[in-house]
Amino acid sequence: MNEIKQILKYASLFRGLNDTQLGRVAEIAQNELYNIKDVIFSQDTTGDKMYIISSGQVEVRVQDTNGQSHSAIFLGQGQVFGEMALLDQGNRSASVIAAQNNTVVYSIPGAAFTTLCQQDTGIGYIMMRNIALDLSFKIRHQNYDI
Amino acid sequence: MVYTVSYVVVGGKKKYPSGMMNQSERPVVGEQVKLGENTFEIVEVKRMLPPSDDFEFLHVTVKPVGEETDS
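Chains as they are written, first to last, in the numbering used here: chain L, 37 to 182; chain R, 8 to 78.
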């Protein structure tokens, strides 16, 4: 439990949560281990989890309308992915593949996350604010990468 | 302090994917960073957003190592 709390403290998505609140998030998180080229999820599939990278890197790949797959970005420790499908209920907008051996991620199921945010609105407010800030940061990053 | 860093690649013979990661050390110009299987050298570090809750948000420009670049 302490290990996952340390990982959550390292992710900007969970900034502002106190130790007790981090513990409640940690209770619903599960660790998953991937090796290089393992597919974590595929584009256009339904998504019911978001992920926090504990160690290693993942590659985000996007398939265009011609069916060509392009590497869009590498995400490393402390980064979050898969949160969009959790928020808007849409399909996955990209595929995510482990880019290194022994890549460890923590997954948070959407249903448990929603229940937690509804039960503890303090956590809910901070998490929703942080998800908005995280998406803002990613849009700013994209603007630099044009 | 945790540094949330956006890495964008400039130059190189092809378009390289960018990167994002959190790290405990502030990136420094001249250091190398690995994104996927490729290694890059940091050429610029600047603040993207004001720090908050012990997090600082940085934009870092990198160039491929071992390639001649125009930048």
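All C-beta atoms in this analysis are idealised placements derived from N, C-alpha and C, irrespective of residue type, glycine included.
query	result
Tell me which same chain residues have a C-beta within less than 6 Å of the C-beta of residue 131 (chain L), skipping the five on either side of it?	78, 79, 97
Who are the near neighbours of residue 78 (chain R) in its chain, counting only those whose CB is closer than 7 Å to its CB and skipping five residues on each side?	In this prediction, residue 78 (chain R) scores a pLDDT of 49, lower than 50, which makes its location untrustworthy; the coordinate-derived value is nonetheless stated afterwards. For residue 78 (chain R), where only same-chain residues beyond five positions count, the Cβ hits under 7 Å are 17, 18, 70.
Are residue 141 (chain L) and residue 87 (chain L) close, meaning C-beta to C-beta below 7 Å?	yes
Report the CB separation of residue 170 (chain L) from residue 48 (chain L) in whole angstroms; it is logged as a contact under 8 Å.	7 Å
Using DSSP bridges, identify the partner residues of residue 67 (chain L).	L:142
Put residue 78 (chain R) into one of helix, strand or coil per three-state DSSP.	Confidence at residue 78 (chain R) is low in this model, with a pLDDT of 49, below 50, so its placement is unreliable and the value that follows should be read with caution. It is coil, neither helix nor strand.
Just to confirm the assignment, what range does the alpha helix (DSSP H) spanning residue 8 (chain R) have?	Looking at the DSSP string, residue 8 (chain R) is not in any alpha helix (DSSP H), and its letter there is neither H nor E.
Taking 8 Å as the threshold, find out whether the region 142-155 of chain L comes into contact with the region 36-45 of chain R through three or more Cβ pairs.	no
Mapping the DSSP letters down to three states, classify residue 48 (chain R) as helix, strand or coil.	strand
For residue 86 (chain L), write down the residues that DSSP places opposite it in a beta bridge.	L:144
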